[in-house]
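Visitor:
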Amino acid sequence: MTLGTAGFGPNNRRFRHSDPRHPMSFTARFTAAALAAIAALASAPAQAATQGFYRQPAAQGDLLVFLSQGDLWRVNGGGGTAVRLTTHAGAEISPVLLPDGQTLAFVGQLESAGDVYTMPITGGAPQRRTWLGSAQVRVWGADREGNLLVTAPATDGRPVSTGYRLVGKDLQPLPVGDANDLALSLDGRTLYFTRHGLRGDNAKGYRGGALAQIWALDLQGQDEARPLLGADFPRSNAKRPMAYRDRDGQERLAFLSDRDGFFNVWSVKPDGSGAKAHTAWKDFDVRSASISGPQVVVARGADLHRVSLLAEGAQQPPALPIALLSDDTAANTPRWIKRPQDFLTELSLSPTGERVLLGVRGRLATQGTQGLRRAELQQPEGSRCRDAAFSSDGKRVFALCDFSGEVELWQLDALGGPGRQQLTQGGQVVRTGLTPSPDGRYVAHTDLAGALYLTDLKAEGGPKTRELDRAGRGGIGNLAWHPDSQALVYSKSGTIGFRGQLWLHPLQGQPVALTSSRFDSGDAAFSPDGQWLYFASRRHFATQPGSSVWADRNMGPAFEPGEKVFALALQPGLRLPTAAKDELPSPPPKAEAKPDAKADGKADPKADAKAADAKKDAKPALPKIVLEGLAERLFELPIPPGRVSDLAADGKRLWWREADGFAAGALKTLALEPGAVPDTHSERVRRFALTPSGKHLLVQRDAAPGSAPEVLLLDAAPKPPADLAKATVRWSDWQISLTPRQEWQQLFDDAWRLSRDHFYDAQLHGVNWKASRERHAALLPRVGDRAELADLMGQMASDLNLLHSQVGVGDLPAQAEEPPAIAGLGAKLAAHAQGARIERLYRGDPELITDRGPLLAPGLDVRDGDVITAVNGRPMRWPEGVTLLQGEAGKQVRLELLRGTERRSLIVTPVDPRRESDLRYNDWRHARAQAVDKASNGRIGYLHLRAMGPGDVADFAKDFYAQLDKEALVIDVRFNNGGNIDSWILEKLLRRAWAWWQPRHPAGGDTYPNMQNSFSGPLAVLANENTYSDGETFAEGFKRLKLGPVFGKTTSGAGVWLSDRNRLMDNGIVRAAETAQVDANGHILVEGVGVTPDVEVDNPPRDTAKGGDAQLQAAVAALMKQLPASTPAQRTPRVKAYPDLKR
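Numbered by mature numbering (1 follows the signal peptide of the UniProt record, and there is no 0), the letters in the sequence shown go through residues -48 to -1, 1 to 1095 in order.
Shown next as structure tokens:
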């Protein structure tokens, strides 16, 4: 899984759409910004100046442009007070100053997800130069004529960036295959480019297969590109090539390398020899660089530094003294969160059923219906509370909050009054769920390390906490209190997999197992009278209709949802409430609580009156749990097997959600009486809760997209009322005010804590994590927007040197509307004098309509080479004419088409960018399959796995079983970005025929194998540097299980897996990998090194750009050598002789 990178990507776009027919809609803003900048230079001393967070420098002579606070700034080359050049709401990144010193190029989000613009350095209207609409577009430099060097997504279906030269508006491909940055030699003849490198990961000292490597290509010849650095340069990352002339007049190439552990500036001769270090920093990596003559301006930490490439030895030049002409208003001005529904994490019900507890973006509030005020609980700004619940009297709220710097258990006033109290101390790991006891004395809570704790609120000397239990794997959850508060039930993983096993823990005793690890059990709930414990358990096993070993594409038996509801009688002699009545007597009535009698037996009128009141108010004494014979007192409720979540009991009926996990589903009920059947209370329910009395019900229902979830307070009746107006908690008007800088501090601290506690190695690879926090926290006051915070957190995460370490930016201020995307036609378009020529129609599997693009619909007769001259009656002019398709996805569009001299019109329905990407990928995949079929004369099959998720296992079933008649098979996991289905795939590949069935009819028919649907021929796997996560696990398992050879290049090395449970309160994340894989000897697999292929084959840049695929060719050639010269007439065994019973 790959997230958008900090600062610019699909997770953090913020745009303001400008109509392309009215370019002045944004021109004036840039012109005004530039004029203001010029005016500000003269008055800078009188203006407020702040020290900012500086990134992505662009140097040219005595000018310097850089990125800060989401905009581009200009300053003199030696530093000083910088002024803002751009003010558009969308981000501007990747600045480059052209050789003329008068023009600035950059990538902006003015009218799309990302395109190249140029503008005068003194201000003026930005001119759009590309119409790609991609967050992956970058500008790296320019040639001597001012043509820009750009990287952008490849157009052949591979999910990589490649290089282009932008001449005017014409984007001309460079023959590099894949490239992540570009530079030219001083004479313009040699193109230097970087292949591979980490894709959003933050890992210092990374040495896996995706190492960034600089290559050189002669643009005037036809020779293949060559790696710049030889074996004498230690294996390490090398990127950002920059040519310059040394003091002796000879050309050298500067670049960034982490060969000594940190990215610093190095240089070599054009042949890769004579390596020289120019900087020697050991605290922060050099993250980006720009060259001007023999000087390089680099960004590291939050600063910019100017490095002389002519100086002797490695340097550590001081930071350039730059200040921003800015009052930092955005960071220090309160911001209103107007859509709390996007951040709802907590929801619970008060004991009286009158109020709900809401948790939104780390804030807590209680609220009721019909105008009952919303009370925001008192907590410091810039703090986060989670896993909150009411106390038993409803006057307090318990929550896990980070007020102290660690996540501890706190008590707050439920109506927003003062007097919060810290209830636990000394937490060393993030605490998780909590459950208060019914009597108000205890709070049970868990932590990320799998421990279960009990905090006694009425202990002598103040609250005391002790550990009750600890899970071996998978943690502890599903906590439920016995109504007398003297016992607790919970689930923890048993000895087999992650099946939940229910345990009963009397507070004055030892835990007792209620279920075994044979069946997954959980969602326990006590009856209010203390007589029953209800729970859900997966004990029903029935295959779905049609499951058969002979079925087409049989992936194994498919089982119906198999959770059933059971009850344990906590005392002997109880009759299940739903059991049919008979003539036998019912159990004896429950005993009542009796007030204590006076010891001397004398009458006392006052005492008698009190006793009478006590008798009237006394609740029946709850029977004790009888452990002896408990396992045998197991009953099954009359509820069909299915999906059961959040089981609850109110004494009259059972309640549950028919859904998996937190997915929305039906709220179901079952009356606890003979003959009852389940009924549906509500649909689209995501959460519900009952009061302890069982009289009131909280329901959270999904609402229409874009609306707040419905929160309802109801009487616990079998059906909700027809009119829900009086039951609705009107909470969607809750608008939260926050100061960004204070929230950034909390996000930073939380990311540090969560990384510490989720990271798979408790010793954090030996890193001094506290020191890392201090070093990076020193830069936090300079952060000016959320993207810069993400950058800083990414730098901190890199200290741990682990993949799966991407940073998701989270919430950004809604300063601009996202413009409509340009719809696609399922074709690669190119320039033509009369419009746009269809260079290639994307063709996937011809038998699958889902692989068919808009222009391939039956009856249209569109062909490669046709020219689109108009869209909806408006002339198509390349390339800007693609904006005529902006916002047209899913709508009918009229195209005018030209073929030779023939003109005609047709109606098509364009698709959105995601679908267009799928069509392009399917075209690439189908082309590979056709190439294999042609090279092997139809004898070898081919399938590609794009990732390892649910849709990909469906792709595997579609393609693998369709090719069981092939003699050999290539499985391609190049560019696979992971998931978790490797075991399913490997299991199917391990199946081998051990016998064959031969029916009598039809005569001479082929025999077929047992095991059914197995593949018996040789296999090969393709992997490359971009194979990631579970794609790598599959490749490693394929090797270790000796299923066949792996061809290609060493993979990325993302071998430690994760759950992404460590979300920040603004929905951002700093990913932390949690679970390593080890071999039988305990050695960690894959992580940091990748999977080494059995046969190493590169796809050379120039050959790949021409459409070659050397890796695929090598695998096919190797498989062909394993096959006989021709397909045997009889490929499977047949009966040699039948029994002859003649006598």
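Note that CB positions come from ideal geometry on N, CA and C, so glycine has one too.
Ignoring anything shorter than 3 residues or poking outside the stretch 16 to 86, list the beta strand (DSSP E) runs there in chain order.
Guide: As far as the stretch 16 to 86 is concerned, its whole beta strand (DSSP E) runs of at least 3 residues are 23 to 28, 32 to 36, 44 to 49, 55 to 60, 67 to 72.
Visitor: Between the C-alpha atoms of Gln202 and Arg141, what's the straight-line distance to the nearest angstrom?
Guide: For Gln202 and Arg141, the distance between alpha carbons rounds to 15 angstroms.
Visitor: Does the stretch 864 to 881 come close enough to the stretch 772 to 779 that 3 or more CB-CB pairs lie under 8 angstroms?
Guide: Contact between the stretch 772 to 779 and the stretch 864 to 881 is present, because at least three Cβ pairs lie under 8 angstroms.
Visitor: For a test of the three-state rule: what should DSSP assign to Glu544, helix, strand or coil?
Guide: Here the model assigns Glu544 a pLDDT of 44, short of 50, so the residue's position is not dependable and the matter cannot be decided.
Visitor: Using a 10 Å radius around the Cβ and a threshold of 16 neighbouring Cβ atoms, would you call His397 buried or exposed?
Guide: Answer is buried; the Cβ neighbour count reaches 16.
Visitor: Count the other C-beta atoms from every protein chain shown that fall within 10 angstroms of the C-beta of Thr495, then say buried if there are 16 or more, exposed otherwise.
Guide: It counts as exposed.
Visitor: What do you reckon, are the CB atoms on Val35 and Val68 nearer than 8 angstroms?
Guide: Cβ atoms of Val35 and Val68: not closer than 8 angstroms.
Visitor: Which residues share a DSSP beta bridge with Tyr442?
Guide: Answer is Trp455, bridged to Tyr442.
Visitor: So His784 is in the alpha helix (DSSP H); what residue range does that whole segment cover?
Guide: His784 -> not in any alpha helix (DSSP H); beta strand (DSSP E) instead, spanning 779 to 784.
Visitor: Starting from the C-beta of Asp427, find all residues in its chain whose C-beta is less than 8 angstroms away, skip the five residues before and the five after it, and write them out in chain order.
Guide: Reading off the sequence shown, one finds Gly at residue 427, where the question assumed Asp. Correct list, in chain order: Thr384, Thr398, Leu400, Gly402, Lys444, Ser445.
Visitor: For Thr(-44) and Arg110, what's the separation of their Cα atoms in angstroms?
Guide: Unreliable positioning characterises Thr(-44) in this predicted model, as indicated by a pLDDT of 33, which lies under 50. The coordinate reading is nonetheless provided below. Looking at the two C-alpha atoms, the distance is approximately 19 angstroms.
Visitor: So if DSSP puts Asp924 in a beta bridge, which residue, or which two residues, is it bridged to?
Guide: DSSP lists His896, Leu974 as partners of Asp924.
Visitor: Assuming contact is defined by CB atoms lying nearer than 8 angstroms, are Ala366 and Ala351 in contact in what I supplied?
Guide: In this structure, Ala351 does not lie closer than 8 angstroms to Ala366 by Cβ.
Visitor: Among the residues of its own chain, which have a CB less than 7 angstroms from the CB of Ala(-21), if the five just before and after it don't count?
Guide: Confidence at Ala(-21) is low in this model, with a pLDDT of 36, below 50, so its placement is unreliable and the value that follows should be read with caution. Around Ala(-21): no qualifying Cβ.
Visitor: My output table needs one value for Gly811: the three-state DSSP class, helix, strand or coil.
Guide: Gly811 falls in the coil class under three-state DSSP.
Visitor: Report yes if the C-beta distance between Glu333 and Thr38 is below 8 angstroms; otherwise report no.
Guide: Going by C-beta atoms, Glu333 is not nearer than 8 angstroms to Thr38.
Visitor: Within the stretch 130 to 197, note down every full beta strand (DSSP E) run reaching 3 residues or more, in order along the chain.
Guide: Qualifying beta strand (DSSP E) stretches, in chain order: 133 to 136, 142 to 147, 165 to 170, 190 to 197.
Visitor: Since I believe Phe487 is in contact with Ser473 (beta carbons under 8 angstroms), could you give me their beta-carbon distance rounded to a whole number of angstroms?
Guide: So it is a contact: roughly 6 angstroms between Cβ atoms.
Visitor: Given a cut-off of 8 angstroms on the beta-carbon distance, is the pair Phe145 and Gly115 in contact?
Guide: Cβ atoms of Phe145 and Gly115: closer than 8 angstroms.
Visitor: For Gln1082, which three-state DSSP category applies?
Guide: Correct three-state label for Gln1082: coil.
Visitor: Ordered along the chain, which non-local residues of its own chain (more than five positions away) have a Cβ less than 8 angstroms from that of Asp345?
Guide: The answer, listed in chain order, is Pro303, Gly392.
Visitor: Leaving out the 5 sequence neighbours to the left and right, which residues in its chain are closer than 8 angstroms to Arg855 when beta-carbon positions are compared?
Guide: So the qualifying residues of the chain are Thr821, Glu848, Leu849.
Visitor: With DSSP run on the structure shown, which of helix, strand or coil describes Phe295?
Guide: Here Phe295 sits in helix by DSSP.
Visitor: Rounded to the nearest angstrom, what separates Ser113 and Arg792 at their Cα positions?
Guide: Near 19 angstroms, if we compare the C-alpha coordinates of Arg792 and Ser113.
Visitor: Consult DSSP for Asp709 and reduce its assignment to one of helix, strand or coil.
Guide: Note: Asp709 maps to helix in three-state DSSP.
Visitor: If you draw a straight line from the C-alpha of Val238 to the C-alpha of Gly931, how long is it?
Guide: The straight-line gap from Cα to Cα measures roughly 32 angstroms.
Visitor: If you follow the beta strand (DSSP E) that Glu588 is in, where does it begin and where does it stop?
Guide: From DSSP, the beta strand (DSSP E) with Glu588 extends over 586 to 588.
Visitor: Mapping DSSP to helix, strand and coil, what is Tyr913?
Guide: Helix.
Visitor: Check whether the stretch 450 to 463 touches the stretch 426 to 441, taking contact to mean three or more Cβ pairs, one atom from each stretch, closer than 8 angstroms.
Guide: Yes, the stretch 450 to 463 touches the stretch 426 to 441.
Visitor: Decide if Ser935 is buried, meaning its Cβ has at least 16 other Cβ atoms within 10 Å, or exposed.
Guide: Ser935 comes out exposed.
Visitor: Leaving out five residues before and five after Ala782 in sequence, what residues of the same chain have Cβ atoms less than 6 angstroms from its Cβ?
Guide: Closer than 6 angstroms at the Cβ level, and outside the excluded window around Ala782, lie Arg789, Glu791.
Visitor: I need the DSSP call for Asn874, collapsed to helix, strand or coil.
Guide: It is helical.
Visitor: Taking just the CA atoms, how far does Phe215 sit from Val464?
Guide: Looking at the two C-alpha atoms, the distance is approximately 56 angstroms.
Visitor: Does DSSP put Gln715 in a helix, a strand or coil?
Guide: In this structure, Gln715 counts as coil in the three-state DSSP scheme.
Visitor: Could you pull the start and end residues of the beta strand (DSSP E) that Gln1063 belongs to?
Guide: From DSSP, Gln1063 is part of no beta strand (DSSP E) but of the alpha helix (DSSP H) over 1062 to 1074.
Visitor: Using alpha carbons as the reference points, say which of Thr387, Leu755, Ala77, Ala135 lies closest to Val91.
Guide: Val91 has its Cα closest to that of Ala135, out of Thr387, Leu755, Ala77, Ala135.
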